[in-house]
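To convert, note that position 725 of the first sequence is 724 in numbering that gives the first Met the number 0; the numbers rise steadily by one, no gaps. Every residue, glycine too, gets a C-beta built ideally from N, C-alpha and C. Let me begin by presenting the structure, written as structure tokens, before commenting on it.
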Amino acid sequence: MTTDPFDLGAIPEETTARSTSAAAISAMRAPYLEGLNAEQREAVEALDGPVLVLAGAGTGKTRVLTTRLAHLLATRRAYPSQILAVTFTNKAAREMKERIGRLIGGVVEGMQWLGTFHAIGAKMLRRHAELAGLRSDFTILDADDQVRLMKQIIQAANIDEKRWPARQLATYIDGWKNRGLTPGKVPAGEAQSFANGKGAELYQAYQLRLKVLNAVDFGDLLLETLRIFQEHPEVLVEYQDRFKYMLVDEYQDTNVAQYLWLRLLAQKNRNICCVGDDDQSIYGWRGAEVDNILRFEKDFPGAKVVRLERNYRSTPHILGAASGLIAANEARLGKTLWTEENEGEKVRISSYWDGEEEARNIAEEVESLQRKGHMLHEMAILVRASFQMREFEDRFINLGIPYRVVGGPRFYERAEIRDANAYLRLVAQPDDNLAFERIVNKPKRGLGEVALQTIHQLANARGVSLMRAAREIITTEELKPAPRRALAGFVEMVERWRALVPGMPHTELAEIILDESGYTEMWQNDKSAEAPGKLENLKELVRSMEQFDDLQGYLEHISLVMEIESQDTGDKVNLMTLHSAKGLEFDTVFLPGWEEGLFPHQRSLDQSGVAGLEEERRLAYVGITRARKLSYISFAANRRIHALWQSAIPSRFIDEIPKEHVEVAESAMGASSFQNYAPSRFSQDFASGSDYSSPGWKRAQTMTRTTSKVRPPNLEVSAELVATSDPAAASYRRGERVFHQKFGYGEVTAIDGNKLTVDFDKAGRKKVIDSFLERV
DNA sequence: ACTGCCCAGGTTTTT
DNA sequence: CCTGGGCAGT
Numbered sequence: 000m001t002t003d004p005f006d007l008g009a010i011p012e013e014t015t016a017r018s019t020s021a022a023a024i025s026a027m028r029a030p031y032l033e034g035l036n037a038e039q040r041e042a043v044e045a046l047d048g049p050v051l052v053l054a055g056a057g058t059g060k061t062r063v064l065t066t067r068l069a070h071l072l073a074t075r076r077a078y079p080s081q082i083l084a085v086t087f088t089n090k091a092a093r094e095m096k097e098r099i100g101r102l103i104g105g106v107v108e109g110m111q112w113l114g115t116f117h118a119i120g121a122k123m124l125r126r127h128a129e130l131a132g133l134r135s136d137f138t139i140l141d142a143d144d145q146v147r148l149m150k151q152i153i154q155a156a157n158i159d160e161k162r163w164p165a166r167q168l169a170t171y172i173d174g175w176k177n178r179g180l181t182p183g184k185v186p187a188g189e190a191q192s193f194a195n196g197k198g199a200e201l202y203q204a205y206q207l208r209l210k211v212l213n214a215v216d217f218g219d220l221l222l223e224t225l226r227i228f229q230e231h232p233e234v235l236v237e238y239q240d241r242f243k244y245m246l247v248d249e250y251q252d253t254n255v256a257q258y259l260w261l262r263l264l265a266q267k268n269r270n271i272c273c274v275g276d277d278d279q280s281i282y283g284w285r286g287a288e289v290d291n292i293l294r295f296e297k298d299f300p301g302a303k304v305v306r307l308e309r310n311y312r313s314t315p316h317i318l319g320a321a322s323g324l325i326a327a328n329e330a331r332l333g334k335t336l337w338t339e340e341n342e343g344e345k346v347r348i349s350s351y352w353d354g355e356e357e358a359r360n361i362a363e364e365v366e367s368l369q370r371k372g373h374m375l376h377e378m379a380i381l382v383r384a385s386f387q388m389r390e391f392e393d394r395f396i397n398l399g400i401p402y403r404v405v406g407g408p409r410f411y412e413r414a415e416i417r418d419a420n421a422y423l424r425l426v427a428q429p430d431d432n433l434a435f436e437r438i439v440n441k442p443k444r445g446l447g448e449v450a451l452q453t454i455h456q457l458a459n460a461r462g463v464s465l466m467r468a469a470r471e472i473i474t475t476e477e478l479k480p481a482p483r484r485a486l487a488g489f490v491e492m493v494e495r496w497r498a499l500v501p502g503m504p505h506t507e508l509a510e511i512i513l514d515e516s517g518y519t520e521m522w523q524n525d526k527s528a529e530a531p532g533k534l535e536n537l538k539e540l541v542r543s544m545e546q547f548d549d550l551q552g553y554l555e556h557i558s559l560v561m562e563i564e565s566q567d568t569g570d571k572v573n574l575m576t577l578h579s580a581k582g583l584e585f586d587t588v589f590l591p592g593w594e595e596g597l598f599p600h601q602r603s604l605d606q607s608g609v610a611g612l613e614e615e616r617r618l619a620y621v622g623i624t625r626a627r628k629l630s631y632i633s634f635a636a637n638r639r640i641h642a643l644w645q646s647a648i649p650s651r652f653i654d655e656i657p658k659e660h661v662e663v664a665e666s667a668m669g670a671s672s673f674q675n676y677a678p679s680r681f682s683q684d685f686a687s688g689s690d691y692s693s694p695g696w697k698r699a700q701t702m703t704r705t706t707s708k709v710r711p712p713n714l715e716v717s718a719e720l721v722a723t724s725d726p727a728a729a730s731y732r733r734g735e736r737v738f739h740q741k742f743g744y745g746e747v748t749a750i751d752g753n754k755l756t757v758d759f760d761k762a763g764r765k766k767v768i769d770s771f772l773e774r775v
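In structure tokens form, the structure reads like this:
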């Protein structure tokens, strides 16, 4: 091989042509190809050009994906470092890594570009941070930081936060970012919808704040990278050349920003393989565009489409029920799942008087199955909304059935973990203002509103971080003695810990920090019921840090990974939402709460109409297809939602399941009158083949055409913001008369850089900072 | 600066 | 019903 593999300028065709025969040869004796069915094999071997693999539920998607990667590597089409493989979740990325490792050994190590969209975006953004007006050590904010920041922005703009909650602004901004919209690109109508037209303005202000804080949120990891690609063609070309092959998992879940990102990267080599299932797109409300997968062939003319329809998971009845249901959707590419399994049991449908009866019966069925030898961990209860879980938990606790809640509150999102992380962040990165704010007074140190306000004031005036401002302020008398001492103690502590970083294992340091800061003690003294659990979580946190080399590595990890490995492996019934069940499978699946209003959820219908209904239906499809052998659907005539009782009729989805795959268990259910739904306007649009007129497509088009003309990121603006006060301009002379907010009028008697000694008429001699003074 | 009270709002949540 | 957040009182 004469071509330098790392010469990114190498002509792709050359490499391709040369390795074709090698590919054919190794394919013949490649052990990893054995056992694939014809379609799977086709999907694995179609290496060149755009490929869309439509992988139905349980058709061996992950296997195809990993085998394809192995095949690329084994046939030497590309070096590990030349393959871009993106997933949505860390779990999927991890799993892919493991499985490739098992197939072809250590090469995985070289796959630096296998990861989640966000992890890869972060990696790229760190390499080119300056092009986005950031330093490469920028911090990644999580949802909580994001909202806190927006709250500040809203307050600063003098907008009533009661009427316009930060949470809602966050939803808007996330939505815009998902669609690849920078502040200037927000459609006027939508910008109008928040705070009487201040939406885009606040978005802009938020972005400026982020730049000043040297921070990004999740959306920026993609959006900023995308913008760099669009505004700096040389950077884009570098990556286009580097990535000889691209692989995308769960393509149906990509949003517009991700779609544009992928399309730009794939433009040159066109070796992109997207794997997904339009019928399992359930994250539309998070910005996923089913359209992306539906129009793949239009985007990549000449694309090869492979359908994986042979299902290895479920029985024919379960597949029949699921297929019949999903057939009611108009906006789909269409697949017919089949299996060679034995017929098996029909889907059992039961009706109950109320939610409690439903829970009781399901719990009894769980016990009965267990007596017949079924394992608890092979059973799952999948609910639409998490409030439904309570009834089941109550029941299980009552009967002593071990259960596990999957999903739920994330480890890193818990307050105590976020507090602990804020301490660690502040030690690693003293300029992290959000971390500083979070913990200066936690545990209570007597640093309240006033103290914080003063620190803020100086920080803003100087354009420095809160930590720096605090360090300066304690050498003066700006604060009253008590808070001043408290702040001095705090600053000193953080600096002491910081000095320990190089010489001490980071887990040990973490323990010291939690201990010396008084944080652990705070919870020990807390008498509430949650306190012991919180302390336990803190211990778990320190334990989980062991798997990282150092503090830096740990912090980078947690900013991108919101989960923690749970080693909860006992034989327990699984309880989770339908959303978190995607990608999982169980022998037995219980699907309670199939009532109009709950499932399909009323809000989904209200908000998104037919598109919402179709997404709910896909959710139902995901639910049914989780089951290998047994599937139970049920609904209750009465349900207590919040305080009041509501009666409900069976979900229309129940009627949509073909009768031949169903067995009605309890009585009173044939009465459902939900039979026919007129085809919607939306569906007709789609059926008429006007794919290009879909909103997503139009949006995408305007995006690509116009963003290149966008003015560069707000570098100048943020620079201005940082330098609002020019210290030189404020230099005072001895004897000068000055005014201080707190101390009143006085005369300068001594000058030490920024620090002045002033004889105040009323307050006496004080040491203060120049930025708190005004000339008289 | 902390504690208690009142009021609103409650679908899903990969990073 | 139940939780979380904002505000008023000591």
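Which residues in the same chain as Asp758 place their Cβ atom closer than 6 Å to its Cβ, once the five residues preceding and following it in sequence are excluded?
-> Answer for Asp758: Gly745, Glu746, Thr748 and Arg764, listed in chain order.
Glu340 to Gly55, Cα distance in whole Å?
-> If you take the alpha carbons of Glu340 and Gly55, they lie about 16 Å apart.
Compute the distance between the beta-carbons of Ala302 and Pro49, then report whether it is under 8 Å.
-> For the 8 Å CB-CB criterion, Ala302 and Pro49 form a contact.
When the Cα atoms are used, what is the spatial distance from Trp496 to Ala610?
-> If you take the alpha carbons of Trp496 and Ala610, they lie about 53 Å apart.
Return yes when the Cβ of Asn432 is within less than 8 Å of the Cβ of Ile557, no when it is not.
-> In this structure, Asn432 does not lie closer than 8 Å to Ile557 by Cβ.
Output the residue ranges of the alpha helix (DSSP H) runs that lie fully inside the stretch 527-588 and measure 4 residues or longer, sorted by chain position.
-> Counting whole runs of 4 or more residues, the stretch 527-588 contains the alpha helix (DSSP H) stretches 530-544, 550-559 and 577-580.
Looking only at C-alpha atoms, which of Lys761, Ile768 and His739 sits nearest to Asp751?
-> Out of Lys761, Ile768 and His739, Ile768 has the C-alpha closest to the C-alpha of Asp751.
Selected residue, minimal CA-CA separation from Gly104, among Ala91, Ala69 and Gln111 | Ranked by how close their Cα comes to the Cα of Gly104, the residues Ala91, Ala69 and Gln111 have Ala69 in first place.
Just curious, the beta strand (DSSP E) that Tyr244 is in, first and last residue?
-> Following the DSSP letters along the chain, one finds Tyr244 inside the beta strand (DSSP E) bounded by residues Tyr244 to Val247.
Going by beta carbon distance, what residues of the same chain come within less than 7 Å of Ala321, once the five residues before and after it are set aside?
-> Counting only Cβ-Cβ distances below 7 Å, and skipping sequence neighbours, we find Tyr620, Ile623 and Thr624.
Kindly list the residues whose CB is nearer than 6 Å to the CB of Gln456, restricted to its own chain and excluding five residues on each side of it in sequence; keep chain order.
-> Cβ-Cβ distances below 6 Å link Gln456 to nothing in the same chain once the five nearest sequence neighbours on each side are left out.
State buried or exposed for Tyr238, treating a residue as buried only when at least 16 other CB atoms are found within 10 Å of its CB.
-> In the assembly as shown, Tyr238 is a buried residue. Its beta-carbon has 16 or more other beta-carbons within 10 Å.
Note down the Cα distance separating Arg337 from Ala42, rounded to an integer number of angstroms.
-> The residue asked about is misnamed: residue 337 is Trp in this sequence, not Arg. The C-alpha of Ala42 is placed about 18 Å away from the C-alpha of Trp337.
Helix, strand or coil: how does DSSP classify Leu332 here?
-> DSSP places Leu332 in coil when its eight states are reduced to three.
Val775: buried (16+ other C-beta within 10 angstroms of its C-beta) or exposed?
-> So Val775 counts as exposed.
Taking the runs of the beta strand (DSSP E) that are 3 residues or longer, which of them lie wholly in the stretch 346-370?
-> You should have 346-353.
From the DSSP output, which residues share a beta bridge with Asn524?
-> Note: Asn524 sits in no beta bridge, so no partner.
Shortest alpha-carbon distance to Asp548 belongs to which of Ala642, Thr506 and Leu212?
-> Comparing Cα positions, the closest option is Thr506.
On the three-pair Cβ rule with 8 Å, is the stretch 193-212 touching the stretch 164-174?
-> Contact check between the stretch 193-212 and the stretch 164-174: three or more CB pairs, one atom from each, fall below 8 Å, which counts as touching.
Touch test, the stretch 269-281 against the stretch 115-132, Cβ-Cβ under 8 Å, three pairs minimum = The stretch 269-281 vs the stretch 115-132: no contact.
Start and end residues, beta strand (DSSP E) containing Gln645 = Counting along the chain, the beta strand (DSSP E) containing Gln645 begins and ends at Leu643 to Ser646.
Cβ-based neighbour list, Phe228, same chain, cut-off 8 Å, excluding 5 preceding and 5 following | Annotation for Phe228: Val234, Leu235, Tyr238, Trp260, Leu263 and Leu264 place their beta carbon closer than 8 Å to its own, counting only its chain and skipping 5 residues before and after.
For Val382, which three-state DSSP category applies?
-> The three-state secondary structure of Val382, taken from DSSP, is strand.
Rounded distance between the beta-carbons of Leu375 and Thr224, thought under 8 Å = Between Leu375 and Thr224 the Cβ distance is about 44 Å, and since that is not below 8 Å, they are no contact.
Under a Cβ-count criterion, where at least 16 other Cβ atoms within 10 Å of its own Cβ denotes burial, should Ala22 be classed as buried or exposed?
-> Low confidence applies to Ala22: its pLDDT is 47, below 50, so where it sits in the model is not reliable, and the reading given next is rough at best. Ala22 is classed as buried because its beta carbon has at least 16 other beta carbons within 10 Å across all chains shown.
DSSP state of Ser322, grouped into three classes?
-> Ser322 falls in the helix class under three-state DSSP.
Per DSSP, Glu129 is paired with what?
-> According to DSSP, Glu129 bridges with nothing at all.
Span of the alpha helix (DSSP H) around Ser603 | DSSP places Ser603 in the uninterrupted alpha helix (DSSP H) bounded by Gln601 to Thr624.
Enclosing beta strand (DSSP E) for Lys754 [first to last residue] = Here the beta strand (DSSP E) through Lys754 covers Lys754 to Phe759.
Name the two residues that bound the continuous beta strand (DSSP E) containing Tyr402.
-> Here the beta strand (DSSP E) through Tyr402 covers Tyr402 to Val404.
On a CA-only basis, which of Ala434, Glu415, Ala427 and Pro482 is nearest Gly447? Give me that one, please.
-> Comparing Cα positions, the closest option is Pro482.
Measuring alpha carbon to alpha carbon, tell me which of Leu465, Ile632 and His641 ends up nearest Ala655.
-> Before going on, a small fix: residue 655 reads as Glu here, not Ala. Nearest C-alpha to Glu655 among Leu465, Ile632 and His641: Ile632.
Using the DSSP secondary-structure output, state which residues sit across from Asp751 in a beta bridge.
-> In DSSP, Asp751 forms a bridge with Lys754.
Same chain, Cβ closer than 7 Å to Glu515, neighbours up to 5 away in sequence not counted | Counting only Cβ-Cβ distances below 7 Å, and skipping sequence neighbours, we find Met492.
Chain-order list of residues whose beta-carbon lies under 6 Å from that of Ile563 (same chain, five-residue window excluded) | Excluding residues within five positions, the ones whose Cβ falls inside 6 Å are Phe410 and Ser543.
DSSP three-state call for Arg764: helix, strand or coil?
-> Correct three-state label for Arg764: strand.
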